[in-house]
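Chemist:
Number of protein chains: 2
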Amino acid sequence: MLAEPSRAAMVLALMDGRSRNAKKLALDAGVTPQTASAHLKKLLRSRILVCEGRGRSKYFSLAGAEVALAVEALSEIGRGPLPAAARELRFARCCYDHLAGQLGVTVTEQLFRPGNTILEDLKIRIPDTSRRPLFRCCTDWTERRPHVAGAVGAALLRHFKTEGWLATVRESRKLVVTPRGRELFVRVLGVEETIFR
Amino acid sequence: MLAEPSRAAMVLALMDGRSRNAKKLALDAGVTPQTASAHLKKLLRSRILVCEGRGRSKYFSLAGAEVALAVEALSEIGRGPLPAAARELRFARCCYDHLAGQLGVTVTEQLFRPGNTILEDLKIRIPDTSRRPLFRCCTDWTERRPHVAGAVGAALLRHFKTEGWLATVRESRKLVVTPRGRELFVRVLGVEETIFR
DNA sequence: CAAACGGTTCGACGGCGGTCGAAGTGTTCC
DNA sequence: GGAACACTTCGACCGCCGTCGAACCGTTTG
């Protein structure tokens, strides 16, 4: 649906969230009204657009936030340099302001063990100043499993850095586990020794 | 790129984050190796996949988080019922075998409060028989925030149903909070009274 | 070295689908 | 009522691109 140039042009034209009529969209896409009509019909059927018929004109707009999110997500692909160093990032890296990679998902799983007292043991304090959700999760793209984000995720990474468990690498998202960190991850968080290779 | 069925099949096959060789991907997509080769070439050029040549085999995997995000975002489009019955499902429903909706994300947030003892209080036992991940999360499509899934999510919903907190509605994913459940959600899980309207 | 195998290139075929002209329906406005 | 207009349907055309057979290259294995 979004792959076809004319349809893509129409959807992109609607990315501002406003609505337009069919003729305007035909112009945006550089096709005749008949062609546009066929495309718009398909876009409606596949729930990408919705329309509201006002009089003899029909006004089209994006069907919802999911559409806008998907279009934005697609436009992110292929930017940036090739990840020759991908492997290095796989074990531990930061994802915005929280921990990701094998270590990230492992820590997250530990947090979910019934009876764990990790957040208290580390004396993690969550600043409740913001409207930020306490907890979010990203699906880790290397692990395809969730790691903790949100306020809790940020607080954890902050702790690991200030307490010298993890060190950052300049100009990179890579994180390095210090010897001290390695010992503490195992002893305090119950992480398997083996994941450190 | 992602619109073509064979390529989509290959990319979906790689959505678990692991890597596969060209022949395996050809099989997944149901095409011959020549055809797969052509597709893989294009997917590499457009930075959707990366490959690592080990010996005479080449191992392909997703190029990065953006790709996984985009694919997931695309899969969200057009899901869900039309707005008429949507409202009813919004508050509480089951998502496969776990709890979703406003109540689902709220419970999930409670689980992440530092110092909570919810899983022990409820005497939740996680069967560790399976290879099933202890914890997964779905992004709730109505709430746009994560709710707990995986073994923990399933155990929780099972508990809520067997203990009479929630009642199922036949032929529907809808879940109804019983008066008993309502009281317990507030007292035991610390859910805000107000979300029950 | 020969055989097997993974991956690639080339060329030919065929179908799906985007395109537009022409014509049809319904609405608005004078 | 009639003209202008927004949108749709139909039909025919045509080009792009996915497909596979055959042949080719390079690595691995015995």
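So the sequence lines, in the order shown, correspond to chains C and F.
For the first sequence, the positions run 1 to 197 when this note's numbering is used.
For the second sequence, the positions run 1 to 197 when this note's numbering is used.
Even glycine gets a Cβ: it sits at the ideal position worked out from N, Cα and C.
(1) Starting from the Cα of C/VAL148, find the closest Cα among F/LEU69, F/ALA154, F/ARG47 and F/GLU109 and give me that residue.
(2) Counting only Cβ-Cβ distances shorter than 9 Å, please list the residues of the stretch 54-78 of chain C near chain F, keeping chain order.
(3) For a quick check, are the C-beta atoms of F/TRP165 and F/GLY181 less than 7 Å apart?
(4) Judging by CA-CA distance, which residue of F/VAL169, F/ILE77 and F/VAL67 is the nearest neighbour of C/GLY78?
(5) Is the CB-CB distance between F/PHE135 and F/VAL107 below 7 Å?
(6) Tell me which same chain residues have a C-beta within less than 6 Å of the C-beta of C/LEU49, skipping the five on either side of it?
(7) Among residues of its own chain, excluding the 5 on either side of C/ARG18, which ones have a beta-carbon nearer than 8 Å to its beta-carbon?
(8) Nearest to F/ASP121 by CA position, among C/LEU119, C/ILE118 and C/PRO114, is which residue?
(9) Using a Cβ cut-off of 7 Å (strictly closer), state whether C/VAL152 contacts chain F.
(10) Should C/GLU192 be labelled buried (16 or more other beta-carbon atoms within 10 Å of its own) or exposed?
(11) Quick one: residues in its chain with C-beta nearer than 7 Å to the C-beta of F/ILE118, no 5 flanking neighbours on either side, listed in chain order?
(12) Report the residue from F/ARG7, F/GLY30 and F/LEU175 whose alpha carbon sits nearest the alpha carbon of F/ALA100.
(13) Say whether chain F places a C-beta atom closer than 7 Å to the C-beta of C/CYS51.
(14) Please decide whether F/ARG47 counts as near chain C, where near means a Cβ-Cβ distance under 7 Å.
(15) When you compare the CB of F/ALA84 with every CB in chain C, is at least one pair closer than 7 Å?
(16) In this structure, how does DSSP classify F/SER61 when only helix, strand and coil are distinguished?
(17) Mind checking whether F/LEU69 and C/ALA65 have CB atoms under 7 Å apart?
(18) Say yes only if the C-beta of F/VAL71 is nearer than 6 Å to one or more non-hydrogen atoms of the ligand ATP, and no if none qualify.
(19) Should F/GLY53 be labelled buried (16 or more other beta-carbon atoms within 10 Å of its own) or exposed?
(20) With DSSP as the reference, label F/GLU193 as helix, strand or coil.
(21) Using alpha carbons as the reference points, say which of C/VAL31, C/ALA154, C/LYS23 and C/HIS98 lies closest to C/ARG173.
(22) Grab me the residues of F/ALA9's own chain with a C-beta within less than 6 Å of its C-beta, minus the 5 sequence neighbours each way, in chain order.
(23) State yes or no: is the beta carbon of F/LEU25 nearer than 7 Å to at least one beta carbon in chain C?
(24) Using the rule of at least 16 other Cβ atoms within 10 Å of the residue's Cβ for burial, across every protein chain shown, is C/ILE126 buried or exposed?
(25) Could you pull the start and end residues of the beta strand (DSSP E) that F/THR168 belongs to?
(26) Under 7 Å Cβ-Cβ, which residues of chain F neighbour C/ARG7?
Modeler: On the basis of the supplied data:
(1) F/GLU109
(2) ALA63, GLY64, ALA65, GLU66, VAL67, LEU69, ALA70, VAL71, GLU72, ALA73, LEU74, SER75, GLU76, ILE77 and GLY78
(3) yes
(4) F/VAL67
(5) no
(6) LEU43, PHE60 and ALA63
(7) SER61
(8) C/PRO114
(9) yes
(10) exposed
(11) GLN110, LEU111 and LEU189
(12) F/LEU175
(13) no
(14) yes
(15) Note on F/ALA84: pLDDT 47, under 50, position unreliable in the model; no value is reported.
(16) strand
(17) no
(18) Only the bare structure without any ligand can be found here, which leaves the ligand ATP out of the picture.
(19) exposed
(20) helix
(21) C/HIS98
(22) ASP28 and ALA29
(23) no
(24) buried
(25) 166-168
(26) Within chain F, no residue comes near C/ARG7; the closest Cβ sits about 10 Å away, beyond 7 Å.
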